[in-house]
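Colleague: Residue numbers 178 to 542, in my numbering, belong to the letters of the sequence shown in order.
Every residue gets a Cβ at the ideal spot worked out from N, C-alpha and C, and that includes glycine.
Quick caveat: nothing in here was measured; it's all calculated off a predicted structure.
Please see the structure below; I have some questions.
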Amino acid sequence: MYRPARTAAWSAGLVVLLIAVVLASAALGPVRIDPVTVAMATLNAIVVPAGVTVGSASVPVLGISVPAPGLEYAAVFSFDVPATRQIIVADIRLPRIALAATVGLALAAAGTVMQGFFRNPLADPSIIGVSSGAAAGAVAAIAFPALVPFGGLHLSAFVGALATAFLVYAIATDGGRTPVATLLLAGVAVQAFLGAMISYMLVHSGDSLREAVFWMMGHLNNSQWSDVAFAFPITLAGVLVLCAFRRELNVLLLGEEDAHHLGIAVERTKLLLLVLASIITAAGVAVAGIIGFVGLVVPHIMRLVVGPDHRILLPTSAVAGASFLVVTDTIARVGPAVVPVGIITAALGAPFFLFLLTRREVHSV
């Protein structure tokens, strides 16, 4: 039986865990900082809008800088923290940690939805080609920037991801209906085609090859607050709307015919779930590259812990995904050599998933 109090308790506990993980991650690095200083520096980094300036900002549109209003911000707290440590925490570590939490939130939530949508425990956020579309857009922006007239790397990857998702949906839809099996097969075919296109661009990328390959590994190096500002609003809004459709996702697990008899607008709900999951996946992949196993393993772990009811599984998986990626990115940056976080998630996720398989703990959704 579903108990809202149980959902709230699990979610609150995981949020507390996320805060602890964030503070611990911010304390670790070449310069170790004590947790109290980290907490004060983090609070010092919180700002609120204090005014609007005109003419101080611009937005690139088709290569032309268009003036745009800018916001002025004021700090909420002013704890006494040494300037060097404030810069390390607020300007170097926190942007990367916040971006890791945002991307983990997006991938885990999208993975939970995709597994329920396809009723397949092997489904993940990239199953309909969103990651491949983002990779195609990103590689095009890196290797052939003259061919991408609408913005930089993040926007190109985001547009490529969404364009791929809508293309797959259009191919699979016939007569107003979108069979899940057809959608899956269309995704596989489009991914194969995009893989060929990406390989072709990499062969002809010249000096940009290293940058393109590094992006495709999935990394959070050189993260800025602007990256968080790009991905976080999209991710938060998408996850909140998805949480409003947790009941419909549960009903869809019974089958489309039963869902229809229970009053669910099946095709409209499927389209909405697919669009929202694709948008938040696109936002995450656009800023971090292709990071695997987060959207596959985290929902499985939480399903074993809290059960299959999406009313509790979806929010808890999202918050757990944020913690998981913060932890794995911390491992990636504080080890003997800094490596892309996508390598760490695969190195940890694949053996753990195999362990679940050998224990017969991977169940149908």
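Can the beta-carbon of ALA311 be found closer than 8 Å to that of ALA334?
Modeller: Yes, the pair counts as a contact, with Cβ atoms nearer than the cut-off.
Colleague: Classify TYR346: buried if its beta carbon has 16 or more other beta carbons within 10 angstroms, exposed otherwise.
Modeller: Result: buried.
Colleague: Helix, strand or coil for LEU239? Go by DSSP, reduced to three states.
Modeller: Residue confidence is low: LEU239 scores 45 on pLDDT, short of 50, so the model does not pin down where it sits. Its coordinate-derived value is still stated next. In the structure shown, LEU239 sits in coil (DSSP, three-state: anything other than H, G, I, E or B).
Colleague: Counting Cβ pairs closer than 8 Å, one from the stretch 517-535 and one from the stretch 474-483, do we hit at least three?
Modeller: Yes, the stretch 517-535 touches the stretch 474-483.
Colleague: Quick one: does the C-beta of ALA201 sit closer than 7 Å to a heavy atom of the ligand MN?
Modeller: What this structure holds is no ligand at all, so the ligand MN is not there to describe.
Colleague: Would you tell me roughly how many angstroms separate the C-alpha atoms of ILE304 and VAL258, rounded to the nearest one?
Modeller: The alpha-carbon atoms of ILE304 and VAL258 are separated by roughly 46 Å.
Colleague: Tell me the DSSP secondary structure of ASP404 in three-state form.
Modeller: DSSP places ASP404 in helix when its eight states are reduced to three.
Colleague: Could you tell me which of LEU481, VAL290, GLY466 sits nearest to ASP404, measuring between CA atoms?
Modeller: Checked all of LEU481, VAL290, GLY466; the closest Cα to ASP404 is GLY466.
Colleague: Just mark SER255 as buried or exposed, buried being the case when its beta carbon has 16 or more other beta carbons within 10 Å.
Modeller: Flag for SER255 reads exposed.
Colleague: Tell me the DSSP secondary structure of PRO226 in three-state form.
Modeller: Note: PRO226 maps to strand in three-state DSSP.
Colleague: Could you check which residue in ALA313, THR214, ARG488, PRO517 has the C-alpha nearest to that of ALA267?
Modeller: When each option's Cα is compared against that of ALA267, the closest is THR214.
Colleague: Count the other C-beta atoms from every protein chain shown that fall within 10 angstroms of the C-beta of GLN292, then say buried if there are 16 or more, exposed otherwise.
Modeller: Flag for GLN292 reads buried.
Colleague: Should PHE295 and LEU371 be called a contact, given that it needs their Cβ atoms to be closer than 8 Å?
Modeller: Cβ atoms of PHE295 and LEU371: not closer than 8 Å.
Colleague: Count Cβ pairs between the stretch 483-494 and the stretch 184-203 that sit closer than 8 Å; are there 3 or more?
Modeller: Yes: at least three Cβ pairs fall under 8 Å.
Colleague: Helix or strand or just coil, what does DSSP make of ALA421?
Modeller: Coil at ALA421, not helix or strand.
Colleague: My assumption, with CB atoms under 8 Å, is that ILE508 sits in contact with ILE521. Please give the rounded CB distance.
Modeller: With a Cβ gap of about 5 Å, ILE508 and ILE521 count as contacting.
Colleague: Output needed for GLU388: all residues of its chain with C-beta closer than 8 Å, excluding positions within five of it in sequence on either side, in chain order.
Modeller: The residues are ILE319.
Colleague: Among ALA287, PHE409, VAL511, which has the Cα closest to the Cα of VAL208?
Modeller: Residue VAL511 is the option with its Cα nearest to VAL208.
Colleague: LEU461 and GLN368: beta carbons closer than 8 Å?
Modeller: Correcting the residue type first, residue 461 is Gly in the shown sequence and not Leu. Going by C-beta atoms, GLY461 is not nearer than 8 Å to GLN368.
Colleague: Where do the ends of the alpha helix (DSSP H) carrying ALA465 lie?
Modeller: Segment 443-465, the alpha helix (DSSP H) holding ALA465.
Colleague: Evaluate PRO302 with the Cβ neighbour count: other Cβ atoms within 10 Å of its Cβ, from every protein chain shown; 16 or more gives buried, anything less gives exposed.
Modeller: With 16 or more Cβ atoms within 10 Å of its Cβ, PRO302 is classed as buried.
Colleague: List the whole-angstrom C-beta distance separating ALA342 from SER455, where the pair is believed to meet the contact cut-off of C-beta under 8 Å.
Modeller: Right, the Cβ-Cβ distance comes to about 4 Å (below 8 Å), so this counts as a contact.
Colleague: In whole angstroms, what is the alpha-carbon distance linking ILE264 and VAL253?
Modeller: Going by the C-alpha atoms only, they are around 17 Å apart.
Colleague: Whose C-alpha, out of PRO356, LEU205, LEU282, is nearest the C-alpha of ILE269?
Modeller: Ranking PRO356, LEU205, LEU282 by Cα distance to ILE269 puts LEU205 first.
Colleague: Only counting the same chain, and skipping five residues up and downstream in sequence, which positions put a Cβ closer than 8 Å to that of ALA315?
Modeller: Correct list, in chain order: LEU330, SER333, ALA334, GLY337, ALA389, TRP392, MET393, ALA463, GLY466.
Colleague: With respect to the alpha helix (DSSP H) encompassing ALA273, which residues constitute its N-terminal and C-terminal limits?
Modeller: Reading the sequence as shown, one finds Arg at residue 273 and not Ala. It spans 271-295 - the alpha helix (DSSP H) in which ARG273 sits, taken as one unbroken run.
Colleague: Leaving aside the five residues before and after VAL443 along the sequence, list all residues of the same chain whose C-beta is less than 7 Å from its C-beta, in chain order.
Modeller: The residues are GLU433, ALA436, HIS437.
Colleague: Less than 8 Å between the CB atoms is what I'm expecting for GLN446 and PHE422, so what's the real figure, rounded?
Modeller: Correcting the residue type first, residue 446 is Thr in the shown sequence and not Gln. Correct: roughly 7 Å between the Cβ atoms.
Colleague: Can you check whether the CB of ASN399 is closer than 8 Å to the CB of ASP486?
Modeller: Not closer than 8 Å, so no.
Colleague: From the DSSP output, which residues share a beta bridge with TYR250?
Modeller: TYR250 is bridged to PRO226.
Colleague: Consult DSSP for ASP301 and reduce its assignment to one of helix, strand or coil.
Modeller: Residue state, collapsed to three classes: coil.
Colleague: Taking the alpha helix (DSSP H) that ILE196 belongs to, which residues open and close that run?
Modeller: Where ILE196 is concerned, the enclosing alpha helix (DSSP H) stretches over 181-204.
Colleague: Measuring CA to CA, which of ILE489, VAL515, LEU531, PRO517 is closest to ALA186?
Modeller: Considering only alpha carbons, the answer is ILE489.
Colleague: How is ARG387 classed by DSSP in three states: helix, strand or coil?
Modeller: Three-state result, ARG387: helix.
Colleague: If ASP506 sits next to LEU413, beta carbons under 8 Å apart, how far is it from one beta carbon to the other, in whole angstroms?
Modeller: The pair is not a contact, with the Cβ atoms about 19 Å apart (cut-off 8 Å).
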